[in-house]
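Shown next, in structure tokens, is the structure this report addresses.
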Amino acid sequence: MDTCFHNSIVGTYPYDVRCEMLVELGFDAIYVSLQPDGLHHADRMAATKNQYGLEVVAAYAGLDVIAAKDDPKNHEVSELFQRLPYGCDLELTLITSDQSVKPSSIDIDHLAIERLKPLLEVAEKQQAHVCLYPHFGAWLERVEDGIRLCENMEHPALKLVFCGFHWYAVEGSNLSQSISSAIPYLHSVNICGSSREGDIAGCTIEPLDSGDMDNFSLLGCLHRCGYTGRIGFQGYGIGGDVYTNLQRSMNAFRSMEKRLSIHPNWSGLI
Numbered sequence: 001m002d003t004c005f006h007n008s009i010v011g012t013y014p015y016d017v018r019c020e021m022l023v024e025l026g027f028d029a030i031y032v033s034l035q036p037d038g039l040h041h042a043d044r045m046a047a048t049k050n051q052y053g054l055e056v057v058a059a060y061a062g063l064d065v066i067a068a069k070d071d072p073k074n075h076e077v078s079e080l081f082q083r084l085p086y087g088c089d090l091e092l093t094l095i096t097s098d099q100s101v102k103p104s105s106i107d108i109d110h111l112a113i114e115r116l117k118p119l120l121e122v123a124e125k126q127q128a129h130v131c132l133y134p135h136f137g138a139w140l141e142r143v144e145d146g147i148r149l150c151e152n153m154e155h156p157a158l159k160l161v162f163c164g165f166h167w168y169a170v171e172g173s174n175l176s177q178s179i180s181s182a183i184p185y186l187h188s189v190n191i192c193g194s195s196r197e198g199d200i201a202g203c204t205i206e207p208l209d210s211g212d213m214d215n216f217s218l219l220g221c222l223h224r225c226g227y228t229g230r231i232g233f234q235g236y237g238i239g240g241d242v243y244t245n246l247q248r249s250m251n252a253f254r255s256m257e258k259r260l261s262i263h264p265n266w267s268g269l270i
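Now the structure itself:
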């Protein structure tokens with residue numbers, strides 16, 4: 001996720017620099033935040049594969065399910081989705097501007113379904129997916145919320161994201177059950193190091209080699225359940241030396257990946 005490419009000194013790193021860093025560190029894809037000021041390079045994104053060898057696999061955005069059909073911000077998400085490279089997925093957090101609606105409330109499922117239908121039409125044209133992104137504090141806050149919508153809509157382009165940080169902050173238990181329930185729809189995973197008592201949702205977001213969340217067990221659970229999709233690094237708000245943070249996370253991931261292949265039984269303790 002490109003949220004890691006930001007600190008208090010540089011601000012947000014230029015798109016080309018992000019690509020160069022990722023290639024040098026051995027990443028095979030880039031993931032962008034879907035914002036109007038961040039898509040002035042939309043045409044360059046289409047050339048990213050040829051120029052850098054990186055896939056532009058997904059973009060992240062939020063959608064207000066309470067807002068009117070002609071809400072300009074929601075319309076903007078649809079317009080920007082159509083400008084993404086062919087095959088680039090939309091990872092979508094479903095929010096509500098009505099503070100009286102509690103997270104995970106099934107009372108507005110029908111509104112969420114109504115707002116998702118036009119985006120799924122775009123996804124079909126783009127040969128892409130809309131992937132529901134459970135997010136702390138959003139209406140779609142839990143993995144089970146995404147599963148419920150996927151089951152109700154039964155649309156082949158509607159998928160689910162498992163975000164290790166948000167799962168840890170909101171649920172933090174019964175990992176095997178969460179993963180196994182999500183597997184029929186799971187299309188994307190992102191992970192990071194995390195510890196309790198942080199500033200964001202009561203937890204921290206850290207490089208993958210830090211924190212008390214057991215990402216090795218998470219990877220093992222994904223492996224046992226047959227997940228073979230993409231796995232990315234969540235770096236929101238970490239700041240500091242971006243290159244070093246990415247390097248640490250890649251090294252930690254490769255170490256866990258190797259360990260899992262040699263000792264698959266070590267991850268079967270949950």
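Heads up, the final residue of the sequence shown is numbered 270 in UniProt numbering, and it's a clean run with no missing numbers.
Don't be surprised by glycine CBs; every beta carbon is placed ideally from N, CA and C.
Just so it is clear, the structure is predicted and the values come from calculations on it, not from any experiment.
Next item on the list: Within the same chain, show all residues whose beta-carbon is closer than 8 angstroms to that of Leu54, passing over the 5 residues directly before and after it, in chain order.
Entry: Cys19, Leu22, Val23, Phe27, Asp28, Ala29, Ile30 and Thr48, listed in sequence order.
Check: On the premise that Ile95 lies in contact with Asp64, defined as a C-beta separation below 8 angstroms, what is that separation, rounded to the nearest angstrom?
Finding: About 6 angstroms; that satisfies the 8 angstroms criterion.
Item checked: Option nearest Pro103 by Cα separation, candidates Val170, Arg115 and Val130 -> For Pro103, the nearest C-alpha among the options comes from Val170.
Next item on the list: Tell whether a beta-carbon distance below 9 angstroms holds between Gly193 and Asn7.
Entry: No, the pair does not count as a contact, with Cβ atoms beyond the cut-off.
Notebook entry, point to check: Would you call the CB atoms of Phe165 and Cys203 closer than 9 angstroms?
Noted result: Contact: yes.
Check: Does the count of Cβ pairs from the region 252–270 and the region 215–229 closer than 8 angstroms reach three?
Finding: In short, these stretches touch, since the Cβ pair count reaches three.
Check: Can you list the alpha helix (DSSP H) stretches of 4 or more residues lying completely in the region 28–101, in chain order?
Finding: Within the region 28–101, the complete alpha helix (DSSP H) runs of at least 4 residues are 42–46, 48–52 and 72–83.
Check: Between which two residues does the beta strand (DSSP E) carrying Ser160 extend?
Finding: Looking at the sequence provided, one finds Leu at residue 160 rather than Ser. Leu158 to Cys163 is the extent of the beta strand (DSSP E) around Leu160.
Next item on the list: Report the residue from Leu111, Glu154 and Ser78 whose alpha carbon sits nearest the alpha carbon of Pro118.
Entry: The option with the nearest alpha carbon to Pro118 is Ser78.
Notebook entry, point to check: Among the residues of its own chain, which have a CB less than 6 angstroms from the CB of Gly137, if the five just before and after it don't count?
Noted result: No residues qualify anywhere along the chain.
Check: Helix, strand or coil for Cys131 per DSSP?
Finding: DSSP places Cys131 in strand when its eight states are reduced to three.
Note to self: Tell me the rounded alpha-carbon separation between Val57 and Asp89.
What the structure shows: A straight-line Cα-Cα distance of about 6 angstroms links Val57 and Asp89.
Check: Taking Asp16 as the reference, which of Asp43, Ile9, Asp209 and Gln35 has the closest Cα?
Finding: In this structure, Asp43 is the residue among Asp43, Ile9, Asp209 and Gln35 with its C-alpha nearest to the C-alpha of Asp16.
Margin query: Using only CA atoms, which one of Gln99, Leu34, Tyr52 and Met45 lies nearest to Gly73?
Written below: In the sequence as presented, Gly is not what sits at residue 73; that position holds Lys. Nearest option by C-alpha distance: Leu34.
Next item on the list: Pick helix, strand or coil for Glu124, following the three-state DSSP scheme.
Entry: Shown here, Glu124 sits in a helix according to DSSP, grouped into three states.
Item checked: Between the CA atoms of Tyr60 and Leu92 - distance to the nearest angstrom -> A direct Cα-Cα distance of roughly 6 angstroms separates Leu92 from Tyr60.
Check: Looking at the structure shown, is Arg142 part of a helix, part of a strand, or coil, going by DSSP?
Finding: Correct three-state label for Arg142: coil.
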